[in-house]
Amino acid sequence: MKQFYIQLKNAFFGQELDFRVKIFNLLAIASALNSIVMAVISVVNGAGLANTLLNTSLFLLAALLLYYTAKSKRYELCYMITIIVVFILLFPLLFFSSGGYHSGMPSFFIFAVVFTVYMVSGRKMLVMTLLESAVYVGICLWAYNHPESVHTFDTEAAILSDIITGFLAVSLILGVTMYIQFLMYRKQQELLEQAREQADAASRAKGAFLANMSHEIRTPINMMLGMNEMIMRESTVEHITEYAENIQTAGEMLLDIISNILDMSKIESGKLELYEKPYRTASLLSDMAQMGGKQIEKKKLAFLKEVDESIPSVLEGDETRIKQIITNFIGNAVKYTAVGSVTFSAKQKPDSEPGSILLCLSVADTGIGVKEENLGLLFEAFGRVDLPAHRNIEGTGLGLAIAKELTESMGGRIFVESVWGKGSTFGVEIPQKIKNTAPIGAGYIESEAKAQRQEESFLAPKGKILAVDDNVENLEVVKSLLRRTMLQIATAGSGSEALQKVQENQYHVILIDYMMPDMDGVETLRRMREQNLIADTAVIALTANTIAGTKEMFLREGFSGCLTKPIMWQELEAVLLSCLPVEIVTKSVPVPTEQLIADEVKQVLEKDLIQHDISLSEGLHFLNGDILQYKKRAMFFTEGFAETKNRAEKLHADKNFESLAFIIHSLKSNAHALGALDLYNTAARMEKRCRDSAYIESAMPLLLLEWNRTNDGLLRFVSTLDNLLPDLPHEYSGQALDVCKSRALAAIAAYRWKEAKKELSVLLSSAQDNSVKERLEKVLIAVEHMKFEQAEALFEEYLRTKERDGHV
253 MKQFYIQLKN
263 AFFGQELDFR
273 VKIFNLLAIA
283 SALNSIVMAV
293 ISVVNGAGLA
303 NTLLNTSLFL
313 LAALLLYYTA
323 KSKRYELCYM
333 ITIIVVFILL
343 FPLLFFSSGG
353 YHSGMPSFFI
363 FAVVFTVYMV
373 SGRKMLVMTL
383 LESAVYVGIC
393 LWAYNHPESV
403 HTFDTEAAIL
413 SDIITGFLAV
423 SLILGVTMYI
433 QFLMYRKQQE
443 LLEQAREQAD
453 AASRAKGAFL
463 ANMSHEIRTP
473 INMMLGMNEM
483 IMRESTVEHI
493 TEYAENIQTA
503 GEMLLDIISN
513 ILDMSKIESG
523 KLELYEKPYR
533 TASLLSDMAQ
543 MGGKQIEKKK
553 LAFLKEVDES
563 IPSVLEGDET
573 RIKQIITNFI
583 GNAVKYTAVG
593 SVTFSAKQKP
603 DSEPGSILLC
613 LSVADTGIGV
623 KEENLGLLFE
633 AFGRVDLPAH
643 RNIEGTGLGL
653 AIAKELTESM
663 GGRIFVESVW
673 GKGSTFGVEI
683 PQKIKNTAPI
693 GAGYIESEAK
703 AQRQEESFLA
713 PKGKILAVDD
723 NVENLEVVKS
733 LLRRTMLQIA
743 TAGSGSEALQ
753 KVQENQYHVI
763 LIDYMMPDMD
773 GVETLRRMRE
783 QNLIADTAVI
793 ALTANTIAGT
803 KEMFLREGFS
813 GCLTKPIMWQ
823 ELEAVLLSCL
833 PVEIVTKSVP
843 VPTEQLIADE
853 VKQVLEKDLI
863 QHDISLSEGL
873 HFLNGDILQY
883 KKRAMFFTEG
893 FAETKNRAEK
903 LHADKNFESL
913 AFIIHSLKSN
923 AHALGALDLY
933 NTAARMEKRC
943 RDSAYIESAM
953 PLLLLEWNRT
963 NDGLLRFVST
973 LDNLLPDLPH
983 EYSGQALDVC
993 KSRALAAIAA
1003 YRWKEAKKEL
1013 SVLLSSAQDN
1023 SVKERLEKVL
1033 IAVEHMKFEQ
1043 AEALFEEYLR
1053 TKERDGHV
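Per our numbering, residue 253 is the first one in the sequence shown, and the count goes up by one each step.
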């Protein structure tokens, strides 16, 4: 019996059945049972043979419909049969054979309408309920006007009995139906909640997997690109530099693939984030033109630019995502164009929103084009048209799908026009808010690009940095990337070692890797704060996790900021600049030597230095040819010479070779940066063999000799340079600085971000007074945040102070 009940339950109320099917089965079973009951009652009340037969027929019909639906699964047909045959045809017959409206039939009319609303949807439901209502009202009116057509009950008691029975039967059927419906609904909601929790768990697992994979993949890429950056900086051999550039291209391509996969994951999970802020239009267009130019140059294609010079100079939007879209367009154009040209176009259209424009960006090529039947497949994730023909072309097929999602998320539209065999045009129209209506002007993109090529850097020999990472190679990357800044860099291989070092020393900035065994970066920071070890120290997280919300998570945990691996030296230096105290930093924009001194003068300096085993060209190579930066390095070296040399001699005399190794390591780095190659080589050998006391004893006199020769050569160099350039007592002449001030003020007034930043950096690098540096830093910060009115007021205050006090 139990087994039969289970089979019956599964057949009519199984979980795989639709909710409406379960309700139909429930109502059909209830109707069948009710028909049997009503047939018995009709006999008792004397309703007549016709009424009894009709109720019996209803029972048989309900049973047949249940069986048919269970076998055929044609539920819609059965719903309609029930409504038409039972409710519209049989119910009126029952009405006339069982007392008319002086009976329980009006209650069954209500049941019929409710059943129809449950079972049928849309326009069909409205039509059938209106038809039923019309039929029931019509037969009631007919019965009123033609009472002889109704078979009445013999007594009032029989009438009352039928009314009560009908009312109770319908109430019971509908009540039980609604109760079971609520139970099924609650069960369905529980199942949906479980499914949602499982989906959330799967999403979290997916996010954790992507974060871990991102970390594991980006960590070796970080090391590879970091070391490769040092090769490109230091190599003077053309073919070695070319190899390094190819490595850089391959590494960046791999990073693009990883980023695309992560972006697609963010899009699918609805966690794609947009960061809208004001940006310089010329800077955006210049960046895109530069990125495109590098790719196109390698393929030996012509690169054309068509830019509307009336585009507003400052817009607000997600600059990074726009670059990502156009970079993808350019990358595809280069991939699929063998000969001809690639054209980058930037225009504007009016937007429906006041204070906004439609920024129209497109990339056209003369490549192979796309067949018309394949245009609809271009924006599908992981899809690539004509794959067999293009198997040798790199790519995941995600780029255009991501570009489409990004464009639409910014409220824009993406389009493509293509002719097979002649080329394609991919473009976007994205609404951007206008922040400054002044146009970018003629030729400003080229000047912007030129300004961007000026590589900003800084020197901070008194700055103390602690880098924490369980990967030794990553620590080497950080040290290598920051070598030219002259920062004092300590390292720790774990969170516990970092805690110990912070207890022993004070640092200006701490760089902590997020994913470390035993104690991760967040836990390390928490313990440092609990022990009050880093009250005034900026702590930067290093992470390979680019999942949405990562940056916000680090800021919530108390980090001052975060850097994503692989670490780019520009970003690393920019973050450190924002964290280091102003008074210990000397900022600069490289000024090539040829702009300051003639070739003959440079040759004199080179010959003089070579006599002291110093290569000026080697030292300038690390500083992009900036002789003023080289002079600063030389001055830092000579100023600390006596104290550092005396300390080294004392450690040598005390046989404290372990501590001596630290001084030798620092000396090696400084010697290399200055081009003092003999001193560098001797220090490097001694550092490797610092445990060999006999070797140290033998090599120490040679180290001291070369150290003295280097110091003498650099002192002579500084003196000679001062004599050759008497008008540059503080690296730049007063006349040159006045020009810088005029340019800076004009650039700030015209909202020219890059130009203003460049001129302010020159002024900062030449400022000697700390209060002046602080004023200029405030101006620079205002410019970097696009607060030009504030920057102009601060800079004018600086000029007034300068005129009053008589210093830069």
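Just so it is clear, CB atoms sit at the ideal spot from N, CA and C, and this is done for glycine as well.
Going by DSSP, V834 is part of no beta strand (DSSP E) at all; its letter is neither H nor E.
Listed in chain order, the beta strand (DSSP E) runs fully inside the stretch 520-555 are 529-532, counting runs of at least 3 residues.
With fewer than 16 other CB atoms across the displayed protein chains lying within 10 angstroms of its CB, Y396 is exposed.
Pairwise C-beta distances place the stretch 547-554 in contact with the stretch 583-596, as three or more of them are shorter than 8 Å. A check of alpha carbon separations from L926 across I866, E958, A900 identifies I866 as the nearest.
The three-state reading of DSSP puts N908 in coil, since its state is none of H, G, I, E or B. Classified as buried, A923 has 16 or more neighbouring CB atoms from the shown chains inside 10 Å of its CB. Assignment of F811 by DSSP, reduced to helix, strand and coil, places it in the coil class.
Around the Cβ of N726, a 10 Å sphere holds 16 or more other Cβ atoms; the residue is buried. Here M768 really is in contact with D722; their C-beta atoms are around 5 Å apart, less than 8 Å. Taking the Cα of P530 as reference, the smallest distance to any Cα among I609, I483, N688 is reached at N688. Secondary structure at R778: helix, using DSSP grouped into helix, strand and coil. Contact between the stretch 604-616 and the stretch 669-680 is present: three or more C-beta pairs spanning the two stretches fall below 8 Å. Taking the Cα positions, E1041 is about 8 Å away from I1000.
Taking the C-beta atoms as reference points, F361 is found no nearer than 8 Å to H403. The three-state reading of DSSP puts L785 in coil, since its state is none of H, G, I, E or B.
The Cβ atoms of L652 and A719 do not sit closer than 8 Å to each other. Scanning its chain for C-beta atoms nearer than 7 Å, with the 5 sequence neighbours on each side dropped, one finds around K883 the residues V970, L973, in chain order. Secondary structure at E568: strand, using DSSP grouped into helix, strand and coil.
Judged by DSSP secondary structure, K716 falls outside any alpha helix (DSSP H) and instead within the beta strand (DSSP E) spanning 716-720. Residue burial annotation: A457 is exposed, with fewer than 16 other C-beta atoms found within 10 angstroms of its C-beta. Here P344 carries a helix assignment [DSSP, helix/strand/coil]. Distance from the CA atom of L383 to the CA atom of L444, rounded to whole angstroms, is 37 Å. Sequence-distant Cβ neighbours of A744 in its own chain, meaning closer than 6 Å and more than five residues away, are V720, A750, K753. The C-beta separation of P713 from F888 comes to about 5 Å, placing the pair in contact by the 8 Å criterion. Nearest Cα to A322 within the set L278, G356, M357: L278.
Within the model, the alpha-carbon separation for F311 versus I391 is close to 23 Å. Following the DSSP letters along the chain, one finds V402 in no alpha helix (DSSP H), marked with neither H nor E. Between M380 and I335 a beta carbon distance of about 5 Å is seen, short of the 8 Å cut, so the two are scored as contacting. With respect to the 8 Å criterion, M543 and I582 are classified as neighbours on the basis of their beta carbons. Three or more Cβ pairs closer than 8 Å define a contact, and the stretch 616-627 meets that threshold against the stretch 663-678.
Counted as a single uninterrupted DSSP element, the alpha helix (DSSP H) harbouring N726 occupies residues 724-733. Taking a contact as a CB-CB distance under 8 Å, the pair S350 and D414 counts as one, their CB atoms being some 7 Å apart.
Minimum Cα-Cα distance from E1011 among the listed residues V387, T533, V1024, L997 corresponds to L997.
Nearest to L954 by C-alpha distance, out of L966, S746, R943, A936, is A936. When C-alpha distances from S918 are compared across A905, N908, F909, Y932, the shortest belongs to Y932.
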